[in-house]
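J.: Take 1 as the starting number for the sequence shown in UniProt numbering and just add one per residue.
Could you have a look at this structure, given as structure tokens, before my questions?
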Amino acid sequence: MDSEGPSFTPISVPNISSIQLLRAWLAKCDQSHKCRQHRIENRHNKYTPATRLLNVSPSSNPDDLRLDVSKVGTDRYIALSHCWGQSDLDRLPPHCTTKDNVKRRQGKFKLSELPKTFQDAIEVTRELGVQYLWIDSICIIQGRHGDWEQESKRMDQVFASAYCTIAATSAENSNSGFLGRQVDHDGIYVQGPEGRRICVSTNVADFDNDINGANINKRAWVMQERFLSPRTIHFGKNQVYGECGEEVYAGGKIFLTCDDQSKKYFRLDPKFPNRLRQSGWVATLEFLQSLLEDYTRRGISIQTDRAVAISGLTTRIGEALRSSIHHGIIEWYLHRTLLWQRSSGQKMERIDYGPSKVPSWSWMAYKGAIEFVPDKFGDLRLIKNLVFDAQILTATVWELTDRSMKIEADGDVMQCQLVDLQGLKKGWISFDEEAELTMLPDVVVVARRETAETDNCRYYVLFVRFKESQDVYERIGMGMLQEDCGLRGKGKGRKF
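Shown next, in the form of structure tokens:
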């Protein structure tokens, strides 16, 4: 509260007191939180997954930095999660480490060479008493003859093994920074007990808007960084938050904990995805479907990274469930993760992966958001004719016996109804891309659902067409058919 005066004095976010509070919160987490056990295990492993770390205090000169080759048993480090911002994909920003400057940086270089967001992260790292910081564009050699391909596959381990992660949540890009911003605290005026005007701040901690709704948390790469970081300090637009496996903390107060079955409970897992092991079939499926749906809604600059930016998460999920996961399809939930469709009103576009193709049955093959057929009550009955391999699915292919049925667009040219000669609706198709069909497509039946209102089952199917040049079937969409549509088998063990 503040008295007198018609307005608030703007304050900087964060200020010295907030850094002191964060230091105290980290110490408390280290000493008394259950999630500290994960960090103890990391220290015992004496393994630093990062090839290089930025030494933020190599000398007594605060302008000095050094890029160190990390050694087994390197002391704790902090990782930075940030937005690169809009950049020319053919031209690297000047602050990046490349083959041309890596040797010099391993000697010594200046803080002034780095953009504001990185300078702010270095300042916080020093204030927290940590010597090493990992930043992707500094610690991975970028561009031609770099080691991005090799190092990007270890980024999940880098964030999972960090002492904590600094999230530059309020920084739109590398140049904007996140410290020292002026924030106006709006308030309302009330009459105090002695007749004095008192201004009460209405700027309260709002984690969902400040953090979950921030642009950085709409980026595909950041999902993996956030899930796998044991602890994160979020520098939001209006508030600084600490997030660990036990709580979310802001301004000296704990204000968010969560029950065992909420999605936040899984997200706060300090050793993700251990909590999935004890959460039961339904809760695990619901969480995984929501995770993948969320991922596909996120932005990504290089579309072929869609298959890479979540690979660390899916590898760990597969290990926890003892299940193979190929191209985002989970074998343990094979039928249910194959039943994806483009989100309503959204368009999808096939991604050109070049020689390393992604099969058409995977949502990773497309740019665009998806959603799954819900199975909250476990009432989908699975059709057991699907055999899963890394690149190939084999299944029974069926054709519709009533060839007089028509495909009619339902406002959205990619969302169509199947209608018989009497005008009765017999099902629907959600096409993955715009398609011109001269005949009804074939189908692969994945599951069926019986309804209480009618004896007529509903079949959930993948619509496919034959690619003669490759001797395989290709998925073109997903949909539903009523049982009385009539299906005739075209052959078992067909590849697609």
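Cβ coordinates follow ideal geometry from the N, Cα and C atoms, glycine included.
Rounded to whole angstroms, what's the CA-CA distance from residue 145 to residue 99? Just pull it up for me.
T.: Answer to the nearest angstrom: the Cα atoms are 7 Å apart.
J.: Could you tell me the boundaries of the beta strand (DSSP E) in which residue 416 lies?
T.: Residue 416 -> beta strand (DSSP E) spans 412 to 419.
J.: Kindly list the residues whose CB is nearer than 6 Å to the CB of residue 380, restricted to its own chain and excluding five residues on each side of it in sequence; keep chain order.
T.: Around residue 380: 447 and 449.
J.: In the DSSP assignment, what are the bridge partners of residue 134?
T.: Answer is 79, bridged to residue 134.
J.: May I ask you to list the residues that DSSP assigns as paired with residue 151?
T.: None, per the DSSP bridge assignment.
J.: Mind checking which residues open and close the beta strand (DSSP E) that includes residue 234?
T.: That run of the beta strand (DSSP E) goes 232 to 235.
J.: Let's test the definition: count the other Cβ atoms within 10 Å of the Cβ of residue 441 and tell me whether it reaches 16, buried, or not, exposed.
T.: Residue 441 is buried by the Cβ-count criterion.
J.: When DSSP labels each residue in this structure, what does residue 167 get in the three-state scheme?
T.: It is a strand residue.
J.: Give every residue of the same chain whose Cβ lies closer than 6 Å to the Cβ of residue 475, excluding the five residues on either side of it in the sequence, and list them in chain order.
T.: Within the same chain, residue 475 has close Cβ partners 360, 361, 462 and 464.
J.: How about residue 307: is its Cβ closer than 6 Å to a heavy atom in the ligand COA?
T.: Among the components modelled here there is no ligand, and therefore nothing to report on the ligand COA.
J.: Have a look at the DSSP bridge pairing and note the partners of residue 20.
T.: Bridge partners of residue 20: none, in fact.
J.: With which residues is residue 366 paired in a DSSP beta bridge?
T.: According to DSSP, which records beta bridges pairwise, residue 366 is partnered with 350.
J.: Looking at the unbroken beta strand (DSSP E) that takes in residue 429, where does it start and where does it end?
T.: Looking at the DSSP string, the run of the beta strand (DSSP E) that includes residue 429 is 425 to 431.
J.: Taking the alpha carbon of residue 96 as the reference point, which residue from 78, 54 and 131 has its own alpha carbon closest?
T.: With distances taken between Cα atoms, residue 96 lies closest to 54.
J.: Decide if residue 209 is buried, meaning its Cβ has at least 16 other Cβ atoms within 10 Å, or exposed.
T.: Looking at its Cβ environment, which holds fewer than 16 other Cβ atoms inside 10 Å, residue 209 is exposed.
J.: Can you pull the DSSP bridge partners for residue 439?
T.: DSSP, once it has assigned bridges, lists no residue as partnering residue 439.
J.: For residue 191, which residues of its own chain have a beta-carbon under 6 Å away from its beta-carbon, when the five flanking residues on both sides are left out?
T.: Caution is warranted here: a pLDDT of 46 is assigned to residue 191, below 50, making its placement in the model unreliable, and the coordinate value is therefore given only provisionally. Closer than 6 Å at Cβ, skipping near neighbours: no residue.
J.: In chain order, what residues of the same chain have a beta carbon less than 6 Å from the beta carbon of residue 480, not counting five sequence neighbours either side?
T.: Cβ within range, chain order: 427, 428, 458 and 460.
J.: Just to confirm, is the Cβ distance from residue 229 to residue 159 under 7 Å?
T.: Result yes, Cβ atoms of residue 229 and residue 159 sit closer than 7 Å.
J.: For residue 412 and residue 437, what's the separation of their Cα atoms in angstroms?
T.: Distance between the alpha carbons of residue 412 and residue 437: 16 Å.
J.: Where DSSP assigns a beta bridge to residue 445, which residues make up the other side?
T.: Paired residues: 461.
J.: Is it buried or exposed for residue 115, if we count other Cβ within 10 angstroms and need 16 for buried?
T.: Per the 10 Å Cβ criterion, buried.
J.: Measure the C-alpha to C-alpha separation of residue 238 and residue 169 and round it to an integer number of angstroms.
T.: When rounded, the distance between both Cα atoms is 10 Å.
J.: According to the neighbour-count rule (16 or more other Cβ atoms, all chains shown, within 10 Å of its Cβ), is residue 375 buried or exposed?
T.: Buried.
J.: Roughly how many angstroms lie between the CA atoms of residue 27 and residue 326, to the nearest whole one?
T.: If you take the alpha carbons of residue 27 and residue 326, they lie about 40 Å apart.
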